[in-house]
(Lines of atoms letter the chains of each structure in order from A and count residues from 1; the text may use other names and numbers.)
(Lines give C-alpha, C1' and ligand atoms only; values in the text may rest on other atoms or scores of the structure.)
Protein backbone atom coordinates (compact mmCIF):
# COMPACT_ATOMS: atom_id res chain seq x y z
CA UNK A 1 0.00 0.00 0.00
CA UNK A 2 2.89 2.31 0.82
CA UNK A 3 4.40 1.59 -2.60
CA UNK A 4 1.12 2.51 -4.34
CA UNK A 5 0.86 5.77 -2.36
CA UNK A 6 4.47 6.60 -3.18
CA UNK A 7 3.86 6.09 -6.90
CA UNK A 8 0.74 8.28 -6.79
CA UNK A 9 2.70 11.01 -4.99
CA UNK A 10 5.47 10.93 -7.60
CA UNK A 11 2.86 11.12 -10.40
CA UNK A 12 1.18 14.18 -8.92
CA UNK A 13 4.57 15.84 -8.32
CA UNK A 14 5.53 15.38 -11.97
CA UNK A 15 2.11 16.64 -13.05
CA UNK A 16 2.51 19.74 -10.86
CA UNK A 17 5.95 20.50 -12.31
CA UNK A 18 4.58 20.10 -15.88
CA UNK A 19 1.68 22.47 -15.19
CA UNK A 20 4.13 25.01 -13.75
CA UNK A 21 6.33 24.84 -16.85
CA UNK A 22 3.34 25.26 -19.12
CA UNK A 23 2.16 28.22 -17.07
CA UNK A 24 5.58 29.85 -17.17
CA UNK A 25 5.74 29.35 -20.93
CA UNK A 26 2.33 31.01 -21.34
CA UNK A 27 3.55 33.96 -19.26
CA UNK A 28 6.41 34.60 -21.77
CA UNK A 29 4.81 34.07 -25.21
CA UNK A 30 6.90 33.65 -28.35
CA UNK A 31 7.02 37.00 -30.23
CA UNK A 32 4.68 37.28 -33.16
CA UNK A 33 6.27 38.42 -36.49
CA UNK A 34 4.90 41.95 -36.02
CA UNK A 35 6.92 42.28 -32.79
CA UNK A 36 10.21 41.54 -34.52
CA UNK A 37 12.51 44.23 -35.92
CA UNK A 38 13.79 42.36 -38.95
CA UNK A 39 16.36 45.05 -39.66
CA UNK A 40 17.81 44.59 -36.20
CA UNK A 41 17.93 40.79 -36.43
CA UNK A 42 19.56 40.64 -39.89
CA UNK A 43 23.36 40.82 -39.66
CA UNK A 44 25.97 41.44 -42.33
CA UNK A 45 28.29 38.43 -42.61
CA UNK A 46 31.64 39.85 -43.67
CA UNK A 47 32.95 36.31 -44.12
CA UNK A 48 30.38 35.20 -46.70
CA UNK A 49 31.14 34.59 -50.38
CA UNK A 50 29.32 37.75 -51.49
CA UNK A 51 31.24 40.78 -52.74
CA UNK A 52 31.30 43.78 -50.44
CA UNK A 53 32.56 47.33 -50.83
CA UNK A 54 32.49 50.36 -48.55
CA UNK A 55 31.20 53.36 -50.53
CA UNK A 56 30.22 57.01 -50.32
CA UNK A 57 27.23 58.67 -51.97
CA UNK A 58 27.63 60.60 -55.21
CA UNK A 59 23.95 61.24 -55.96
CA UNK A 60 20.66 60.46 -54.26
CA UNK A 61 18.22 59.48 -57.03
CA UNK A 62 15.05 58.08 -55.44
CA UNK A 63 13.92 55.52 -52.87
CA UNK A 64 15.54 52.51 -54.54
CA UNK A 65 18.36 53.99 -56.63
CA UNK A 66 21.56 55.68 -55.47
CA UNK A 67 24.88 56.43 -57.16
CA UNK A 68 27.99 55.61 -55.12
CA UNK A 69 31.68 56.38 -55.51
CA UNK A 70 33.60 53.10 -55.78
CA UNK A 71 37.17 52.04 -56.61
CA UNK A 72 37.94 51.55 -60.31
CA UNK A 73 38.33 47.85 -59.59
CA UNK A 74 34.56 47.68 -58.98
CA UNK A 75 33.58 49.91 -61.91
CA UNK A 76 36.02 51.60 -64.28
CA UNK A 77 34.05 54.86 -64.13
CA UNK A 78 34.57 55.14 -60.39
CA UNK A 79 30.79 55.36 -59.91
CA UNK A 80 28.41 52.47 -59.26
CA UNK A 81 24.75 53.10 -60.04
CA UNK A 82 22.96 50.98 -57.47
CA UNK A 83 19.47 49.54 -57.86
CA UNK A 84 18.29 48.13 -54.54
CA UNK A 85 17.57 44.39 -54.54
CA UNK A 86 14.13 43.04 -53.55
CA UNK A 87 12.29 46.38 -53.44
CA UNK A 88 10.41 48.73 -55.74
CA UNK A 89 9.62 52.13 -54.27
CA UNK A 90 6.96 54.39 -55.86
CA UNK A 91 8.21 56.77 -58.57
CA UNK A 92 9.57 60.20 -57.70
CA UNK A 93 11.80 60.89 -60.73
CA UNK A 94 9.31 60.32 -63.57
CA UNK A 95 5.57 60.23 -63.18
CA UNK A 96 5.20 61.03 -59.49
CA UNK A 97 3.36 58.35 -57.50
CA UNK A 98 1.86 58.22 -54.01
CA UNK A 99 4.52 57.76 -51.31
CA UNK A 100 7.32 58.22 -53.87
CA UNK A 101 8.61 61.46 -52.36
CA UNK A 102 8.50 60.02 -48.84
CA UNK A 103 10.43 56.91 -49.90
CA UNK A 104 13.07 59.09 -51.57
CA UNK A 105 13.39 61.27 -48.45
CA UNK A 106 13.63 58.17 -46.23
CA UNK A 107 16.55 56.72 -48.19
CA UNK A 108 18.38 60.04 -48.33
CA UNK A 109 17.93 60.64 -44.60
CA UNK A 110 19.29 57.20 -43.65
CA UNK A 111 22.34 57.37 -45.91
CA UNK A 112 23.18 61.03 -45.33
CA UNK A 113 23.39 60.39 -41.57
CA UNK A 114 25.35 57.15 -41.89
CA UNK A 115 28.91 56.84 -40.57
CA UNK A 116 29.65 54.01 -43.03
CA UNK A 117 27.87 52.53 -46.06
CA UNK A 118 28.54 49.06 -47.44
CA UNK A 119 27.15 47.55 -50.64
CA UNK A 120 26.84 43.78 -51.04
CA UNK A 121 26.17 41.58 -54.06
CA UNK A 122 23.57 38.81 -53.90
CA UNK A 123 26.16 36.17 -54.85
CA UNK A 124 29.87 36.09 -55.62
CA UNK A 125 29.80 38.75 -58.37
CA UNK A 126 28.45 42.24 -59.09
CA UNK A 127 25.25 41.77 -61.15
CA UNK A 128 23.72 44.29 -63.56
CA UNK A 129 19.98 44.88 -63.86
CA UNK A 130 18.03 44.45 -67.11
CA UNK A 131 19.03 47.94 -68.34
CA UNK A 132 22.71 47.04 -68.17
CA UNK A 133 23.47 50.34 -66.47
CA UNK A 134 22.79 49.66 -62.78
CA UNK A 135 24.02 47.07 -60.31
CA UNK A 136 21.61 45.06 -58.15
CA UNK A 137 22.89 45.33 -54.58
CA UNK A 138 22.08 45.22 -50.90
CA UNK A 139 22.70 48.46 -49.02
CA UNK A 140 24.02 48.35 -45.46
CA UNK A 141 24.75 51.35 -43.25
CA UNK A 142 25.96 52.18 -39.76
CA UNK A 143 24.43 54.84 -37.52
CA UNK A 144 27.61 55.08 -35.42
CA UNK A 145 31.13 53.67 -35.46
CA UNK A 146 30.27 51.14 -32.72
CA UNK A 147 26.92 49.98 -34.15
CA UNK A 148 26.17 47.03 -36.41
CA UNK A 149 25.34 47.53 -40.08
CA UNK A 150 21.63 47.82 -40.86
CA UNK A 151 20.10 46.58 -44.13
CA UNK A 152 18.38 49.52 -45.84
CA UNK A 153 16.54 47.35 -48.39
CA UNK A 154 14.77 45.47 -45.60
CA UNK A 155 14.21 48.67 -43.61
CA UNK A 156 12.41 50.31 -46.55
CA UNK A 157 10.17 47.22 -46.88
CA UNK A 158 9.51 47.11 -43.13
CA UNK A 159 8.43 50.76 -43.16
CA UNK A 160 5.89 50.16 -45.93
CA UNK A 161 7.67 52.38 -48.45
CA UNK A 162 8.13 49.75 -51.18
CA UNK A 163 6.33 46.86 -52.78
CA UNK A 164 7.90 43.46 -53.38
CA UNK A 165 10.23 43.05 -56.33
CA UNK A 166 11.25 39.41 -56.57
CA UNK A 167 11.70 39.76 -52.83
CA UNK A 168 11.53 36.07 -51.91
CA UNK A 169 14.03 34.90 -54.52
CA UNK A 170 17.26 36.28 -53.14
CA UNK A 171 19.78 35.93 -50.37
CA UNK A 172 17.59 37.47 -47.67
CA UNK A 173 14.25 36.41 -49.13
CA UNK A 174 12.62 35.11 -45.95
CA UNK A 175 13.51 38.28 -44.04
CA UNK A 176 12.19 40.46 -46.88
CA UNK A 177 8.85 38.63 -46.95
CA UNK A 178 8.52 38.93 -43.17
CA UNK A 179 9.32 42.65 -43.34
CA UNK A 180 6.61 43.19 -45.98
CA UNK A 181 4.06 41.27 -43.90
CA UNK A 182 4.98 43.34 -40.85
CA UNK A 183 4.38 46.59 -42.79
CA UNK A 184 1.04 45.28 -44.02
CA UNK A 185 -0.06 44.18 -40.54
CA UNK A 186 0.88 47.55 -39.07
CA UNK A 187 -0.68 49.39 -42.04
CA UNK A 188 2.32 51.58 -42.72
CA UNK A 189 2.48 54.16 -45.55
CA UNK A 190 1.72 52.28 -48.82
CA UNK A 191 -0.37 49.77 -46.86
CA UNK A 192 -2.07 52.33 -44.62
CA UNK A 193 -5.12 52.97 -46.77
CA UNK A 194 -4.54 56.67 -46.08
CA UNK A 195 -3.68 59.50 -48.44
CA UNK A 196 -0.06 60.53 -48.95
CA UNK A 197 0.27 64.10 -47.55
CA UNK A 198 2.97 64.91 -50.14
CA UNK A 199 0.84 63.92 -53.14
CA UNK A 200 -1.75 66.04 -54.97
CA UNK A 201 -4.96 64.07 -55.47
CA UNK A 202 -7.67 64.66 -58.02
CA UNK A 203 -5.64 67.09 -60.06
CA UNK A 204 -3.20 67.06 -62.97
CA UNK A 205 -0.69 64.29 -63.60
CA UNK A 206 2.35 64.86 -61.38
CA UNK A 207 5.61 64.38 -63.29
CA UNK A 208 9.19 65.63 -63.39
CA UNK A 209 10.61 67.79 -66.15
CA UNK A 210 12.79 64.83 -67.12
CA UNK A 211 9.69 62.69 -67.61
CA UNK A 212 7.99 65.43 -69.62
CA UNK A 213 11.01 66.11 -71.82
CA UNK A 214 11.73 62.44 -72.57
CA UNK A 215 8.10 61.38 -73.16
CA UNK A 216 6.70 64.67 -74.45
CA UNK A 217 4.36 63.25 -77.09
CA UNK A 218 2.55 61.14 -74.50
CA UNK A 219 1.51 64.31 -72.68
CA UNK A 220 0.22 66.27 -75.68
CA UNK A 221 -2.98 68.09 -74.58
CA UNK A 222 -2.65 66.60 -71.07
CA UNK A 223 -2.77 68.67 -67.89
CA UNK A 224 0.42 68.15 -65.88
CA UNK A 225 2.23 69.55 -62.86
CA UNK A 226 5.97 69.74 -62.26
CA UNK A 227 8.52 71.65 -60.20
CA UNK A 228 11.37 73.78 -61.46
CA UNK A 229 13.38 76.99 -61.18
CA UNK A 230 12.21 79.91 -63.31
CA UNK A 231 15.25 81.17 -65.21
CA UNK A 232 13.91 83.77 -67.64
CA UNK A 233 10.75 85.77 -68.34
CA UNK A 234 10.26 87.11 -71.84
CA UNK A 235 7.30 88.05 -74.03
CA UNK A 236 4.67 86.70 -71.61
CA UNK A 237 6.46 83.36 -71.31
CA UNK A 238 8.84 81.87 -68.77
CA UNK A 239 11.52 79.21 -68.98
CA UNK A 240 11.62 76.58 -66.24
CA UNK A 241 14.41 74.07 -65.57
CA UNK A 242 15.12 71.32 -63.06
CA UNK A 243 18.22 69.21 -62.33
CA UNK A 244 18.04 65.41 -62.59
CA UNK A 245 20.50 63.60 -60.32
CA UNK A 246 20.50 60.34 -62.26
CA UNK A 247 21.49 61.76 -65.64
CA UNK A 248 23.36 64.82 -64.39
CA UNK A 249 21.33 66.95 -66.83
CA UNK A 250 18.99 69.90 -66.54
CA UNK A 251 15.61 69.48 -68.23
CA UNK A 252 13.47 72.46 -69.19
CA UNK A 253 10.19 73.71 -70.60
CA UNK A 254 8.73 76.90 -72.02
CA UNK A 255 5.59 78.00 -70.16
CA UNK A 256 3.19 80.50 -71.73
CA UNK A 257 1.64 82.66 -69.03
CA UNK A 258 -1.31 84.05 -70.95
CA UNK A 259 -3.36 86.72 -69.21
CA UNK A 260 -5.11 84.80 -66.42
CA UNK A 261 -2.55 85.62 -63.75
CA UNK A 262 -2.26 88.81 -61.73
CA UNK A 263 -0.95 90.00 -58.38
CA UNK A 264 0.09 87.07 -56.17
CA UNK A 265 -0.29 84.65 -59.08
CA UNK A 266 2.29 86.54 -61.14
CA UNK A 267 4.68 86.79 -58.18
CA UNK A 268 4.78 82.98 -58.01
CA UNK A 269 6.38 82.84 -61.46
CA UNK A 270 9.10 85.45 -60.81
CA UNK A 271 12.58 84.65 -62.08
CA UNK A 272 14.57 82.94 -59.30
CA UNK A 273 11.59 81.18 -57.79
CA UNK A 274 11.25 77.43 -57.56
CA UNK A 275 7.58 76.84 -58.26
CA UNK A 276 5.04 74.15 -58.93
CA UNK A 277 3.75 74.72 -62.45
CA UNK A 278 0.33 73.41 -63.49
CA UNK A 279 -0.82 73.62 -67.10
CA UNK A 280 -1.66 71.82 -70.32
CA UNK A 281 1.03 70.57 -72.72
CA UNK A 282 0.49 71.87 -76.25
CA UNK A 283 2.37 71.70 -79.51
CA UNK A 284 3.19 75.20 -80.71
CA UNK A 285 2.96 74.93 -84.49
CA UNK A 286 4.64 78.24 -85.28
CA UNK A 287 7.69 77.45 -83.20
CA UNK A 288 7.62 73.72 -84.00
CA UNK A 289 7.97 72.97 -80.30
CA UNK A 290 6.00 72.09 -77.16
CA UNK A 291 5.01 74.47 -74.42
CA UNK A 292 2.82 74.44 -71.31
CA UNK A 293 -0.04 76.91 -70.98
CA UNK A 294 -3.30 77.55 -69.12
CA UNK A 295 -1.80 78.46 -65.74
CA UNK A 296 -4.14 79.67 -63.01
CA UNK A 297 -4.07 80.79 -59.40
CA UNK A 298 -7.15 81.04 -57.19
CA UNK A 299 -6.16 83.12 -54.20
CA UNK A 300 -9.13 81.90 -52.14
CA UNK A 301 -8.16 78.26 -52.76
CA UNK A 302 -4.40 78.11 -52.16
CA UNK A 303 -4.37 74.30 -51.83
CA UNK A 304 -6.29 73.68 -55.03
CA UNK A 305 -4.28 71.02 -56.95
CA UNK A 306 -4.87 73.03 -60.15
CA UNK A 307 -3.10 76.07 -58.68
CA UNK A 308 0.49 77.05 -59.35
CA UNK A 309 2.44 77.22 -56.10
CA UNK A 310 5.59 78.94 -54.80
CA UNK A 311 8.04 76.46 -53.25
CA UNK A 312 11.11 78.60 -52.53
CA UNK A 313 12.92 81.76 -53.62
CA UNK A 314 16.47 82.91 -54.32
CA UNK A 315 17.55 80.41 -57.00
CA UNK A 316 19.72 81.09 -60.05
CA UNK A 317 19.80 79.72 -63.58
CA UNK A 318 22.41 76.99 -64.02
CA UNK A 319 23.95 78.31 -67.27
CA UNK A 320 25.63 74.93 -67.75
CA UNK A 321 28.73 75.25 -69.90
CA UNK A 322 28.33 72.97 -72.92
CA UNK A 323 30.72 71.73 -75.57
CA UNK A 324 29.84 72.86 -79.12
CA UNK A 325 30.44 69.41 -80.61
CA UNK A 326 28.22 67.76 -77.97
CA UNK A 327 25.53 70.37 -78.60
CA UNK A 328 25.37 69.59 -82.31
CA UNK A 329 26.35 65.94 -82.58
CA UNK A 330 26.06 64.03 -79.29
CA UNK A 331 23.46 61.36 -78.54
CA UNK A 332 22.54 60.25 -75.04
CA UNK A 333 20.68 57.15 -73.87
CA UNK A 334 18.07 57.71 -71.17
CA UNK A 335 15.89 55.24 -69.28
CA UNK A 336 12.44 56.65 -70.05
CA UNK A 337 10.44 53.95 -68.30
CA UNK A 338 11.24 50.95 -66.14
CA UNK A 339 13.70 48.88 -68.20
CA UNK A 340 13.10 50.97 -71.37
CA UNK A 341 16.02 52.97 -72.75
CA UNK A 342 15.84 55.47 -75.63
CA UNK A 343 18.46 57.51 -77.45
CA UNK A 344 18.06 61.28 -77.77
CA UNK A 345 19.96 64.12 -79.38
CA UNK A 346 21.72 65.98 -76.57
CA UNK A 347 20.30 69.31 -77.77
CA UNK A 348 16.74 67.93 -77.57
CA UNK A 349 17.22 66.77 -73.99
CA UNK A 350 18.49 70.17 -72.80
CA UNK A 351 15.90 72.17 -74.75
CA UNK A 352 14.68 75.26 -72.82
CA UNK A 353 17.48 75.05 -70.23
CA UNK A 354 20.04 77.76 -69.48
CA UNK A 355 23.50 77.16 -70.98
CA UNK A 356 26.76 78.92 -71.71
CA UNK A 357 29.31 78.50 -74.51
CA UNK A 358 32.73 80.07 -74.96
CA UNK A 359 35.12 81.19 -77.69
CA UNK A 360 32.64 81.49 -80.55
CA UNK A 361 33.85 83.39 -83.62
CA UNK A 362 31.03 85.39 -85.23
CA UNK A 363 31.23 84.68 -88.97
CA UNK A 364 28.07 86.44 -90.13
CA UNK A 365 25.03 88.24 -88.76
CA UNK A 366 21.45 88.32 -90.04
CA UNK A 367 19.16 91.06 -88.73
CA UNK A 368 15.35 90.93 -88.74
CA UNK A 369 14.16 94.09 -90.51
CA UNK A 370 10.41 93.46 -90.81
CA UNK A 371 8.73 96.66 -89.63
CA UNK A 372 5.61 94.78 -88.48
CA UNK A 373 7.52 92.27 -86.40
CA UNK A 374 8.13 92.55 -82.65
CA UNK A 375 11.52 90.98 -83.47
CA UNK A 376 12.66 93.92 -85.58
CA UNK A 377 16.34 94.42 -84.78
CA UNK A 378 16.80 90.85 -83.46
CA UNK A 379 19.90 89.13 -84.83
CA UNK A 380 21.03 85.63 -85.75
CA UNK A 381 24.76 85.25 -85.22
CA UNK A 382 26.30 82.39 -87.20
CA UNK A 383 29.35 81.38 -85.19
CA UNK A 384 32.13 78.85 -85.47
CA UNK A 385 34.28 77.07 -82.92
CA UNK A 386 36.64 74.17 -83.65
CA UNK A 387 35.00 73.64 -87.02
CA UNK A 388 31.48 73.44 -85.50
CA UNK A 389 28.80 75.93 -86.58
CA UNK A 390 26.62 77.32 -83.77
CA UNK A 391 23.60 79.58 -84.23
CA UNK A 392 23.00 82.33 -81.68
CA UNK A 393 19.64 84.10 -81.83
CA UNK A 394 19.09 87.34 -79.94
CA UNK A 395 16.06 89.40 -79.10
CA UNK A 396 16.48 93.12 -79.97
CA UNK A 397 19.44 94.16 -77.84
CA UNK A 398 20.20 97.63 -76.47
CA UNK A 399 23.36 99.15 -75.02
CA UNK A 400 23.75 101.20 -71.82
CA UNK A 401 22.38 104.27 -73.65
CA UNK A 402 19.30 102.33 -74.80
CA UNK A 403 20.58 102.33 -78.36
CA UNK A 404 19.76 99.34 -80.56
CA UNK A 405 22.82 97.13 -81.11
CA UNK A 406 23.44 96.26 -84.75
CA UNK A 407 25.38 93.56 -86.63
CA UNK A 408 28.69 95.48 -86.74
CA UNK A 409 28.91 95.30 -82.97
CA UNK A 410 29.52 91.51 -83.09
CA UNK A 411 30.64 90.67 -86.61
CA UNK A 412 34.12 89.09 -86.67
CA UNK A 413 34.41 89.11 -82.88
CA UNK A 414 35.11 86.21 -80.52
CA UNK A 415 32.37 85.95 -77.91
CA UNK A 416 31.13 83.99 -74.89
CA UNK A 417 27.37 83.65 -74.58
CA UNK A 418 24.76 82.75 -71.96
CA UNK A 419 21.23 81.92 -73.06
CA UNK A 420 18.41 79.40 -73.36
CA UNK A 421 18.50 76.39 -75.69
CA UNK A 422 15.88 77.02 -78.35
CA UNK A 423 14.85 75.73 -81.76
CA UNK A 424 14.09 77.40 -85.06
CA UNK A 425 12.80 75.57 -88.08
CA UNK A 426 13.89 72.27 -86.56
CA UNK A 427 17.44 73.39 -85.80
CA UNK A 428 18.84 73.95 -82.30
CA UNK A 429 20.20 77.35 -81.31
CA UNK A 430 21.00 79.39 -78.22
CA UNK A 431 18.68 82.32 -77.57
CA UNK A 432 20.14 85.38 -75.84
CA UNK A 433 17.95 87.93 -74.04
CA UNK A 434 20.36 90.61 -72.86
CA UNK A 435 23.40 92.48 -74.13
CA UNK A 436 25.10 91.54 -70.84
CA UNK A 437 24.87 87.86 -71.79
CA UNK A 438 27.28 88.26 -74.69
CA UNK A 439 30.87 88.87 -73.65
CA UNK A 440 33.24 90.12 -76.38
CA UNK A 441 36.88 89.00 -75.94
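In the working numbering, the protein residues as written are 4 to 444. Ideal Cβ positions, reconstructed from N, Cα and C, are used throughout, including at glycine.
Integer Cβ distance of residue i from residue j, believed to fall under 8 Å
i: residue 233; j: residue 272; result: 6 Å
i: residue 347; j: residue 393; result: The pair is not a contact, with the Cβ atoms about 19 Å apart (cut-off 8 Å).
i: residue 311; j: residue 266; result: Contact flag wrong, Cβ pair sits at about 13 Å.
i: residue 255; j: residue 243; result: 6 Å
i: residue 316; j: residue 279; result: Actually they are not in contact, since the Cβ atoms of residue 316 and residue 279 sit about 14 Å apart, beyond 8 Å.
One or two residues paired with residue i in a DSSP bridge
i: residue 68; result: 65 and 86
i: residue 279; result: 230 and 312
i: residue 434; result: 396 and 423
i: residue 208; result: 227
i: residue 153; result: 144
i: residue 382; result: 370
i: residue 122; result: 56 and 142
i: residue 345; result: 337
i: residue 244; result: 232 and 255
Buried or exposed by the 16-neighbour rule on C-beta atoms within 10 Å, applied to residue i
i: residue 93; result: buried
i: residue 372; result: exposed
i: residue 171; result: exposed
i: residue 2; result: The chain is shown only over 4 to 444; residue 2 falls outside these bounds and no answer can be derived.
i: residue 83; result: buried
i: residue 139; result: buried
i: residue 97; result: buried
i: residue 434; result: buried
i: residue 286; result: exposed
i: residue 421; result: buried
Simplified DSSP state of residue i, which is helix, strand or coil
i: residue 302; result: coil
i: residue 196; result: coil
i: residue 128; result: coil
i: residue 109; result: helix
i: residue 268; result: helix
i: residue 158; result: helix
i: residue 178; result: helix
i: residue 116; result: coil
i: residue 236; result: strand
i: residue 320; result: coil
i: residue 338; result: strand
i: residue 145; result: strand
i: residue 166; result: strand
i: residue 103; result: helix
i: residue 221; result: helix
i: residue 172; result: coil
i: residue 183; result: helix
Delimiting residues of the alpha helix (DSSP H) encompassing residue i
i: residue 352; result: 349-352
i: residue 215; result: 212-217
i: residue 44; result: 41-44
i: residue 202; result: Looking at the DSSP string, residue 202 is not in any alpha helix (DSSP H), and its letter there is neither H nor E.
i: residue 75; result: From DSSP, residue 75 is part of no alpha helix (DSSP H); its letter is neither H nor E.
Span of the beta strand (DSSP E), counted from its first residue to its last, around residue i
i: residue 425; result: 417-427
i: residue 362; result: 357-370
i: residue 443; result: 441-443
i: residue 294; result: 292-296
i: residue 253; result: 252-259
Min CB distance residue i to chain D below 8 Å
i: residue 210; result: Within the model displayed, chain D is absent; a lone protein chain is all it includes.
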